[in-house]
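Worksheet for the structure shown next.
2 protein chains.
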Amino acid sequence: MKQADLAKVEEANAEFYAAFENGDLDRMSAVWADGPHAPNVGCVHPGWPLLRGREEVLRSWALIMANTPYIQFVLTDLHTVVYGDQALVTCSENIITVDDSADAPGGLAGGSIVATNLFLRVEGRWRLLHHHGSPVLNQAEDDEE
Amino acid sequence: MKQADLAKVEEANAEFYAAFENGDLDRMSAVWADGPHAPNVGCVHPGWPLLRGREEVLRSWALIMANTPYIQFVLTDLHTVVYGDQALVTCSENIITVDDSADAPGGLAGGSIVATNLFLRVEGRWRLLHHHGSPVLNQAEDDEE
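Those protein sequences? They're chains A and B, same order as listed. If you use the numbering used here, the first sequence corresponds to residues 1 to 145, in order. If you use the numbering used here, the second sequence corresponds to residues 146 to 290, in order.
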């Protein structure tokens with residue numbers, strides 16, 4: 001595995017989260033695979049069923065970003081493997097967002113999501129084919145053990 | 146994409162769930178990638194953080210299978226793509242299991258998990274490198290819409 005490949009995959013992964021943080025649908029659209037790969041694009045938002053196809057996935061991001069006034073990611077446990085023109089990135093998304101619940105309107109809230117991100121190299125560029133994010137439950141209990 | 150490849154990947158995917166249904170750790174061990182790929186093996190059980198490495202992943206399966214008296218999977222929404230020696234399978238795991246809660250001891254319970262399974266072809270055999278399963282929440286609400 002070449003270090004240059006690893007670095008480029010991790011750049012593409014960082015761009016995915018930067019696009020979300022900035023609520024930038026153009027950047028988000030550029031992150032995801034297109035053309036012949038569009039029908040195989042897939043995305044699982046935490047707690048959601050799978051969304052299939054580039055169009056449906058980008059529509060969900062437009063909706064989510066429109067409803068997220070503030071979000072910031074600190075990625076930990078980043079692990080990247082490259083197999084030819086495919087790359088698998090896993091990471092923990094440590095999230096800071098705005099808590100608009102009745103208890104703390106406008107306050108900051110947090111959470112932890114574990115993510116599986118699968119990239120394809122298409123014409124020299126790493127594009128996101130598949131994202132699966134899921135909530136880590138009972139983390140507090142685990143920490144106590 | 147060759148139909149023969151697709152069929153073999155889907156066989157490997159079915160064998161993963163059959164191993165679990167049968168509580169057979171030897172079959173489960175044969176499903177997962179080994180040798181040089183062992184450190185890159187990864188598994189997210191629903192609600193759990195990522196487990197990394199073949200040994201840790203198989204230890205979790207031994208524990209889960211020992212604590213699962215009965216489980217059956219009906220897989221739906223199966224989608225498979227093969228890219229060279231990598232293959233991505235997504236599916237919905239519709240689960241029937243035994244509910245040992247106080248409300249219904251010994252009764253049957255169900256649930257829906259969305260799964261991302263990434264396979265590698267190693268010496269002609271498709272082996273599971275990465276599994277990510279997560280609960281689908283608020284499905285009832287979605288159905289009402």
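Backbone N, C-alpha and C define an ideal beta-carbon position, used for all residues, glycine too. Bear in mind the structure is a predicted one, so any value in this text is a computation, not a measurement.
For residue 193 of chain B, which of helix, strand or coil comes out of DSSP? Three-state result, residue 193 of chain B: coil.
What residue does the alpha helix (DSSP H) around residue 167 of chain B start on, and which one ends it? Unbroken run through residue 167 of chain B: none, as it is neither H nor E.
Would you mind reading off the limits of the beta strand (DSSP E) that contains residue 108 of chain A? Note, residue 108 of chain A: beta strand (DSSP E), 107-122.
At least 3 beta-carbon pairs within less than 8 Å: the region 172-189 of chain B vs the region 264-281 of chain B: Yes, the region 172-189 of chain B touches the region 264-281 of chain B.
Between residue 143 of chain A and chain B, is the shortest Cβ-Cβ distance under 8 Å, so that the two count as touching? Interpretation of residue 143 of chain A is limited by its pLDDT of 45, a score under 50 that renders its predicted location unreliable; the figure taken from the coordinates is listed afterwards. No Cβ of chain B is located within less than 8 Å of the beta carbon of residue 143 of chain A.
Members of the region 159-193 of chain B near chain A, C-beta cut-off 8 Å: Listed by position, the residues of the region 159-193 of chain B near chain A (Cβ gap below 8 Å) are 185, 187, 189, 191, 192 and 193.
Any beta carbon of chain A sitting closer than 8 Å to that of residue 217 of chain B? No, no contact with chain A.
So which of B/251, B/228 and B/258 has the shortest CA-CA distance to residue 236 of chain B? Ranking B/251, B/228 and B/258 by Cα distance to residue 236 of chain B puts B/258 first.
Which residues in chain A have a C-beta closer than 9 Å to the C-beta of residue 229 of chain B? List them in chain order. For the C-beta of residue 229 of chain B, the chain A residues within less than 9 Å are, from N- to C-terminus, 83, 84, 85 and 86.
8 Å Cβ cutoff, residue 101 of chain A in contact with chain B: By this cut-off, residue 101 of chain A is not an interface position.
Let's see if you can read the secondary structure: which residues bound the beta strand (DSSP E) around residue 126 of chain A? It spans 125-135 - the beta strand (DSSP E) in which residue 126 of chain A sits, taken as one unbroken run.
Three-state secondary structure assigned by DSSP to residue 91 of chain A: Of the three classes helix, strand and coil, the one that applies to residue 91 of chain A here is strand, per DSSP.
Taking DSSP as the reference, what is the three-state secondary structure of residue 57 of chain A? In the structure shown, residue 57 of chain A sits in a helix (DSSP, three-state: H, G or I).
I'd like to know whether the C-beta of residue 125 of chain A is nearer than 8 Å to at least one C-beta of chain E. This model lacks chain E altogether, as its protein chains are A and B.
Kindly indicate which three-state DSSP category residue 35 of chain A falls into: helix, strand or coil? Looking at residue 35 of chain A - three-state DSSP - the assignment turns out to be helix.
Go through its chain and collect everything with a Cβ distance to residue 115 of chain A's Cβ below 6 Å, but skip five positions before and after it. Counting only residues of its own chain and dropping the five nearest sequence neighbours on each side, residue 115 of chain A has a CB closer than 6 Å to the CB of 91, 93 and 133.
Between which two residues does the beta strand (DSSP E) holding residue 215 of chain B run? Counting along the chain, no beta strand (DSSP E) covers residue 215 of chain B, and no H or E run does either.
Between residue 235 of chain B and chain A, is any beta-carbon pair separated by less than 8 Å? Yes, contact with chain A.
Going by beta-carbon coordinates alone, are residue 79 of chain A and residue 266 of chain B separated by less than 8 Å? No.
Any C-beta of chain B under 8 Å from that of residue 12 of chain A: Taking Cβ atoms only, chain B never reaches closer than 8 Å to residue 12 of chain A, which makes this a no.
For residue 97 of chain A, which residues in chain B fall below 9 Å Cβ to Cβ? Ordered by position in chain B, no residue passes the 9 Å Cβ test against residue 97 of chain A, which lies about 18 Å from the chain.
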